[in-house]
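*Asks:* In UniProt numbering, the protein residues as written are 1 to 616. Sharing a structure with you now.
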Amino acid sequence: MKRIPIYFLLFISTFAFGQDKIQYKLDLNKLNNDRLEVIVKTPKFKQKEVIYALPKIVPGTYANYDFGRFVQDFRALDAQGKNLRIKKTSPNTYQISNAAQLSEIRYFVDDTWDSPEIAGDYVFEPAGTSFQKDSLFALNTHAMLGYFIGHEKAQVQLSIAKPTHIYGASSLQNRSKSKVDLFEAAHYQELIDAPLMYASPDTISFPLANAHILISVYSPNKMCTAAQVAEQIKPLLEAQKKYLGGQLPVSNYAFIIVLSDNIKNGSYGALEHAQSSFYYLPEGNIQTLAETIREVCAHEFFHIVTPLNIHSEEIGNFNFLQPKMSKHLWLYEGLTEYAAHHVQLKYQITDLKKFMSTFENKWEVMNVQFDRKLPFTVMSEKVLDKYKDEYGNVYQKGAWLGFGLDLTLRKLSQGKYGTQEMMRDLAKFYGPNQSFNDDELFDQLVQITQKPELKSFFEKYVAGKEEIPVADWLHRIGYEIQEYSASPIKTLGFDFQSLNVNSETHRAVINSDDGINEFGRILGLQAKDELVYFNQLSFSLENFSMNAAKVLKDIQLGDILEVEVARPKGNGIYETVRMKAPFQTTMGSSPTSFVPQKNPSDAQLDLRQQWMNSIP
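Written out as structure tokens, the structure reads:
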């Protein structure tokens with residue numbers, strides 16, 4: 001995609017306000033052709049022209065969404081309601097003439113979940129919007145509200161009129177004492193960093209250390225409640241509180257959870273925010289959802305550390321139209337993913353066998369689906385374009401980098417200091433309003449930890465092309481890689497190493513007939529089939545590794561395996577093909593596994609114990 005430069009517009013950034021706040025207004029009672037009207041009461045401008053912009057991208061998404069494409073019927077009005085001249089200068093920007101006369105902006109916006117008529121890339125649901133009359137309004141406001149270029153730091157206010165039977169859940173505090181909700185924020189980025197969900201009330205709140213926790217759930221068929229979710233994640237949150245030293249870097253936090261009985265795009269997950277996280281998950285009862293909710297919540301909640309308190313200048317001063325990506329996705333996503341699993345091991349929410357199984361899977365996916373020698377810093381900087389298909393590796397190799405860094409630190413400190421302590425110390429240097437320089441982070445970490453050996457670690461495995469030494473890291477805690485052996489094994493009909501990724505559809509593809517085994521031929525799999533569902537679980541790239549492991553774990557000989565694939569017919573057209581067959585094993589090589597060494601040394605056992613039960 002060609003990017004339209006806007007640096008030539010920045011000369012209009014020095015305008016003055018006649019009032020303190022930009023005021024946005026929504027009325028959820030007035031859904032018109034599945035659209036909501038946005039009204040923006042503007043400040044008094046002195047210059048001739050102003051630019052109103054909607055984001056091209058927002059923090060945490062790592063994809064170009066061009067939210068301006070969902071805007072229709074854009075108008076700029078003076079105090080008498082007369083139209084001012086406007087010019088659409090890019091997919092996301094509107095130039096408004098006679099700005100000194102501008103009083104308000106009005107436009108309609110489509111929701112992203114249900115607007116197939118709007119061309120462009122699919123918007124991951126946790127980053128988008130849904131307008132369902134009288135039942136659900138999922139409002140990620142970055143998909144609806146814009147800002148004036150050069151004045152992103154102006155104070156903002158959002159008022160929302162709503163039906164009386166629905167409730168608005170958000171990390172933002174409702175300041176209103178009337179029927180119209182009122183939310184205020186110090187600036188645009190703070191406002192859009194706090195999504196809202198309006199639905200029939202199903203919420204629960206409770207204190208956690210110094211913070212107030214809110215859980216709000218929308219379940220269309222009432223299969224799961226906020227109270228049930230709270231019961232599942234309270235032990236996890238207590239563990240995370242301890243992991244972070246007993247106090248949290250936020251005073252309130254909201255889990256906003258939408259359960260869907262119609263997962264259209266084959267993917268689900270969550271998007272983190274500074275004081276909340278927004279979830280889009282398949283509807284089910286708490287028994288079927290419990291593990292998924294714990295795993296996703298563990299990751300997203302830890303983002304209160306990164307990027308809230310620890311982030312680079314690229315995130316601290318985020319450019320919504322021409323973003324510059326940080327080099328340090330290994331820190332934001334990789335180390336967060338590692339910590340989300342390590343905390344569960346440390347506080348006995350899971351056990352070592354399950355932890356190792358999870359990292360076996362991450363290692364396998366890393367080796368099969370991604371470029372093992374691509375430097376993580378390079379991938380991070382170019383994740384929006386050249387290396388967008390490598391982003392998923394942040395949850396695989398990124399987590400392994402966290403694992404390896406933790407073991408390296410603990411080995412150097414006789415088990416007393418690891419990534420848990422490193423992140424606390426790093427947070428003392430930075431905060432919500434203090435960013436680090438991308439090029440200085442590695443040196444800063446060496447200085448903070450007083451471990452010069454880390455320089456080599458970062459040069460080799462994060463910024464360099466050397467493959468991570470998994471066997472060596474495992475050996476430090478008395479584990480080893482068990483070699484392949486011929487035996488009956490569970491497969492889904494194909495060899496994982498035969499898969500490629502279609503960069504257009506973002507689906508895993510069976511590369512050739514050689515990758516299909518006997519069971520796959522019984523099912524009817526063919527080369528070039530793109531994997532969509534197995535036993536009704538999505539096999540999108542975001543969920544591939546987790547759901548493949550779940551299917552293989554649960555299915556037994558003779559159980560029916562149901563498969564859905566997208567089969568190419570040419571010219572970009574796909575046929576949906578569904579097939580099923582009784583499950584059977586295949587003779588072949590067992591998956592690599594990590595197993596305890598038979599005679600580990602005392603030093604290995606000591607380091608393992610210190611790693612698993614690090615202080616505090």
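Don't be surprised by glycine CBs; every beta carbon is placed ideally from N, CA and C.
Residues in the same chain with beta-carbon distance under 8 Å from Asn29, minus the five sequence neighbours each way, listed in chain order, please.
*Replies:* For Asn29, where only same-chain residues beyond five positions count, the Cβ hits under 8 Å are Ala161, Lys162 and Pro163.
*Asks:* Please state if the CB of Phe359 and the CB of Leu345 are separated by a distance shorter than 8 Å.
*Replies:* Cβ distance not < 8 Å, so Leu345 and Phe359 don't count as in contact.
*Asks:* Could you name the residues that DSSP lists as bridge partners for Lys25?
*Replies:* The partner list for Lys25 (beta bridge, DSSP) reads Ile39 and Ser159.
*Asks:* Is it the case that the Cβ atoms of Leu445 and Leu454 are separated by a distance below 8 Å?
*Replies:* Yes, these two residues count as a Cβ contact at 8 Å.
*Asks:* Is DSSP giving Leu531 helix, strand or coil here?
*Replies:* Note: Leu531 maps to strand in three-state DSSP.
*Asks:* Determine the direct distance from the alpha carbon of Gln23 to that of residue 618, and round the result to whole angstroms.
*Replies:* Given a span of 1 to 616 for the chain in the structure shown, any question on residue 618 remains unanswerable.
*Asks:* Can you round the beta-carbon distance between Asn502 and Glu530 to whole angstroms, since I take them to be within the 8 Å contact cut?
*Replies:* Sure, about 6 Å apart at Cβ, within 8 Å.
*Asks:* With respect to the alpha helix (DSSP H) encompassing Lys353, which residues constitute its N-terminal and C-terminal limits?
*Replies:* Start and end: Leu352 to Gln369.
*Asks:* Evaluate Lys416 with the Cβ neighbour count: other Cβ atoms within 10 Å of its Cβ, from every protein chain shown; 16 or more gives buried, anything less gives exposed.
*Replies:* Answer is exposed; the Cβ neighbour count stays below 16.
*Asks:* One question on the structure: do Thr61 and Leu191 come within less than 8 Å of each other, judged by their Cβ atoms?
*Replies:* Not in contact: Thr61 and Leu191 (Cβ atoms no closer than 8 Å).
*Asks:* Output the distance between the C-alpha atoms of Ile4 and Lys88, rounded to the nearest integer angstrom.
*Replies:* The predicted position of Ile4 is uncertain, since its pLDDT is 22 and thus under 50; no value can be drawn from it.
*Asks:* Would you report the Cα separation of Val38 and Ala186, rounded to the nearest angstrom?
*Replies:* Each residue's Cα considered, the two are about 20 Å apart.
*Asks:* Count the other C-beta atoms from every protein chain shown that fall within 10 angstroms of the C-beta of Glu125, then say buried if there are 16 or more, exposed otherwise.
*Replies:* Buried, by the Cβ-count rule.
*Asks:* For Val577, which of Gln584, Pro568, Thr585 and Phe583 has the nearest alpha-carbon?
*Replies:* That would be Pro568, whose Cα lies nearest to the Cα of Val577.
*Asks:* Identify, in the order they occur along the chain, each residue of the same chain with its Cβ nearer than 8 Å to the Cβ of Gln287, setting aside the five sequence neighbours on each side.
*Replies:* Here the set comprises nothing.
*Asks:* Runs of 3 residues minimum, wholly inside the region 145-191: which ones carry the beta strand (DSSP E) assignment?
*Replies:* Segments of the beta strand (DSSP E) lying fully in the region 145-191: 155-161, 167-169 and 181-185.
*Asks:* Give me the Cα-Cα distance between Gln584 and Asn252, rounded to the nearest whole angstrom.
*Replies:* Each residue's alpha carbon lies about 50 Å from the other.
*Asks:* So, Phe494 versus Gly520, is the Cβ gap smaller than 8 Å?
*Replies:* Against a cut-off of 8 Å, the Cβ pair of Gly520 and Phe494 comes out as a contact.
*Asks:* Whose C-beta lies closer than 8 Å to the C-beta of Gln556 among residues of the same chain, with five residues either side of it excluded?
*Replies:* Counting only Cβ-Cβ distances below 8 Å, and skipping sequence neighbours, we find Phe583.
*Asks:* If I follow the unbroken beta strand (DSSP E) through Gly269, where does it start and stop?
*Replies:* Unbroken beta strand (DSSP E) run through Gly269: Gly269 to Glu272.
*Asks:* Output needed for Arg372: all residues of its chain with C-beta closer than 6 Å, excluding positions within five of it in sequence on either side, in chain order.
*Replies:* The residues are Glu467.
*Asks:* Does the pairing of the region 93-108 with the region 41-59 give three or more beta-carbon distances under 8 Å?
*Replies:* Because the criterion of three Cβ pairs below 8 Å is met, the region 93-108 and the region 41-59 touch.
*Asks:* Ignore the nearest five residues each way along the sequence and tell me which others in Glu381's own chain have a CB closer than 6 Å to its CB.
*Replies:* Answer for Glu381: Met325 and Lys327, listed in chain order.
*Asks:* Below 8 Å on the Cβ atoms is my guess for Ile204 versus Ile293; work out the distance and round it to an integer in Å.
*Replies:* Not a contact, Cβ separation roughly 14 Å.
*Asks:* Evaluate Leu9 with the Cβ neighbour count: other Cβ atoms within 10 Å of its Cβ, from every protein chain shown; 16 or more gives buried, anything less gives exposed.
*Replies:* Residue confidence is low: Leu9 scores 28 on pLDDT, short of 50, so the model does not pin down where it sits. Its coordinate-derived value is still stated next. Answer is buried; the Cβ neighbour count reaches 16.
*Asks:* Residues in its own chain within less than 6 Å of Leu196 by CB, not counting five upstream and five downstream?
*Replies:* Around Leu196: Leu139, Gly168 and Ser170.
*Asks:* So the candidates are Thr42, Pro201 and Met223; which of them puts its Cα closest to the Cα of Leu145?
*Replies:* Residue Thr42 is the option with its Cα nearest to Leu145.
*Asks:* Classify Phe539 as buried or exposed, calling it buried when 16 or more other Cβ atoms lie within 10 Å of its own Cβ.
*Replies:* Under this definition Phe539 is a buried residue.
*Asks:* CA-CA distance, Asn210 and Phe301?
*Replies:* Approximately 15 Å between the Cα atoms of the pair.
*Asks:* Determine the closest residue to Ala290 out of Pro235, Ala274 and Leu335, with distance taken between C-alpha atoms.
*Replies:* Nearest option by C-alpha distance: Pro235.
*Asks:* Quick check: Leu259 and Ser219, are their CB atoms within less than 8 Å of each other?
*Replies:* Yes, the Cβ-Cβ distance between Leu259 and Ser219 is below 8 Å.
*Asks:* So, for Ala227: in the same chain, excluding its five sequence neighbours on each side, which residues have a beta-carbon less than 7 Å away from its beta-carbon?
*Replies:* So the qualifying residues of the chain are Ile204.
*Asks:* Which class does Asn252 belong to by DSSP, given the choice of helix, strand or coil?
*Replies:* In this structure, Asn252 counts as strand in the three-state DSSP scheme.
*Asks:* Taking 8 Å as the threshold (C-beta atoms), are Leu407 and Arg476 in contact?
*Replies:* Their beta carbons are under 8 Å apart, which means Arg476 touches Leu407 by this criterion.
*Asks:* Measure the Cβ-Cβ separation of Pro249 and Val305 and say whether it is below 8 Å.
*Replies:* Taking 8 Å as the Cβ cut-off, Pro249 and Val305 qualify as a contacting pair.
*Asks:* Helix, strand or coil: which one does DSSP assign to Gly415?
*Replies:* In this structure, Gly415 counts as coil in the three-state DSSP scheme.
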